[in-house]
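Q:
Residue numbers (our numbering): 9 to 147.
1. Any idea if residue 88 is buried or exposed, counting beta-carbon neighbours within 10 angstroms, 16 or more meaning buried?
2. Which residues in the same chain have their Cβ closer than 6 Å to the Cβ of residue 24, if we skip the five residues on either side of it in sequence?
3. Assuming residue 60 contacts residue 140 (C-beta within less than 8 Å), just tell me the rounded distance between them.
4. How long is the line joining the alpha carbons of residue 85 and residue 74, rounded to whole angstroms?
5. Which residues share a DSSP beta bridge with residue 96?
6. Quick check: residue 130 and residue 115, are their CB atoms within less than 8 Å of each other?
7. Could you have a look at residue 109 and say whether DSSP puts it in helix, strand or coil?
8. For residue 123, which of 134, 144, 132 has the nearest alpha-carbon?
9. Runs of 3 residues minimum, wholly inside the region 46-77: which ones carry the beta strand (DSSP E) assignment?
10. Could you tell me the distance, in whole angstroms, from the CA atom of residue 37 to the CA atom of residue 119?
11. Determine, using beta carbons only, whether residue 128 and residue 98 come nearer to each other than 8 Å.
12. Taking the alpha-carbon positions, what's the residue 76 to residue 133 distance?
13. Would you mind reading off the limits of the beta strand (DSSP E) that contains residue 36?
14. Where does the unbroken beta strand (DSSP E) through residue 122 begin, and where does it stop?
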């Protein structure tokens, strides 16, 4: 079911980008499954994704992304938009999201790619505020 929602989100974005030149494929293109993660909540506490029973899927292709996250079987968050990858930094610019957009609507992550394991870290004011590990499930 989550994969269907991702496809719908990705297809919904297509008319917005119809006039834009197609971005070049990157090594990140494909489907990804959320393996683990953590974030800093508004109270400044680190919250492990496992404690929220979070699972997720992210699909990247042609400079676009879409993701859906589920918490213990219920919808948690979703979004879609464009992304850029320079080999060390992955940047998402959501055009649609189920959450309020911050940081001017752009999220920058440092990342590493080791085989089919993709690890992202987002930092604010010298503090890591988010870390996610994804496993590739398709190209």
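In this text, a Cβ means the ideal position worked out from N, Cα and C, and glycines have one as well.
A: Reading from the atomic positions:
1. Within the chain shown, residue 88 is the residue found at index 80, counting from 1. Classification of residue 88: buried, given that the 10 Å Cβ count is 16 or more.
2. Position 16 of the chain shown holds residue 24. Its pLDDT being 43, under 50, residue 24 is placed unreliably by the model, and the measurement read from it follows with that caveat. Taken in chain order, the list of residues that qualify is empty.
3. Reading the chain shown from its first residue, position 52 is the one you call residue 60. Reading the chain shown from its first residue, position 132 is the one you call residue 140. That belief does not hold up - the Cβ atoms of residue 60 and residue 140 are roughly 13 Å apart, past 8 Å.
4. Here residue 85 refers to the residue found at position 77 when the chain shown is read from its first residue. Here residue 74 refers to the residue found at position 66 when the chain shown is read from its first residue. If you take the alpha carbons of residue 85 and residue 74, they lie about 11 Å apart.
5. Position 88 of the chain shown, counted from the start, is the residue given in the question as residue 96. According to DSSP, residue 96 bridges with nothing at all.
6. Here residue 130 corresponds to residue number 122 of the chain shown, with the count starting at 1. Here residue 115 corresponds to residue number 107 of the chain shown, with the count starting at 1. Closer than 8 Å, so yes.
7. Locating residue 109 in the chain shown gives position 101, where the first residue counts as 1. Note: residue 109 maps to coil in three-state DSSP.
8. To locate residue 123, count along the chain shown from 1; it is residue 115. Nearest C-alpha to residue 123: 144.
9. 54-56, 62-69
10. Here residue 37 refers to the residue found at position 29 of the chain shown. Here residue 119 refers to the residue found at position 111 of the chain shown. Taking the straight line joining both Cα atoms gives about 14 Å.
11. In the chain shown, counting from the first residue as 1, residue 128 sits at position 120. In the chain shown, counting from the first residue as 1, residue 98 sits at position 90. Going by C-beta atoms, residue 128 is nearer than 8 Å to residue 98.
12. As a position in the chain shown, residue 76 is number 68, starting the count at 1. As a position in the chain shown, residue 133 is number 125, starting the count at 1. Distance between the alpha carbons of residue 76 and residue 133 is about 27 Å.
13. For the purposes of this step, residue 36 is taken as residue 28 along the chain shown, with counting starting at 1. No beta strand (DSSP E) contains residue 36, which DSSP labels as neither H nor E.
14. The sequence position of residue 122 within the chain shown is 114, counting from 1. Looking at the DSSP string, the run of the beta strand (DSSP E) that includes residue 122 is 115-122.
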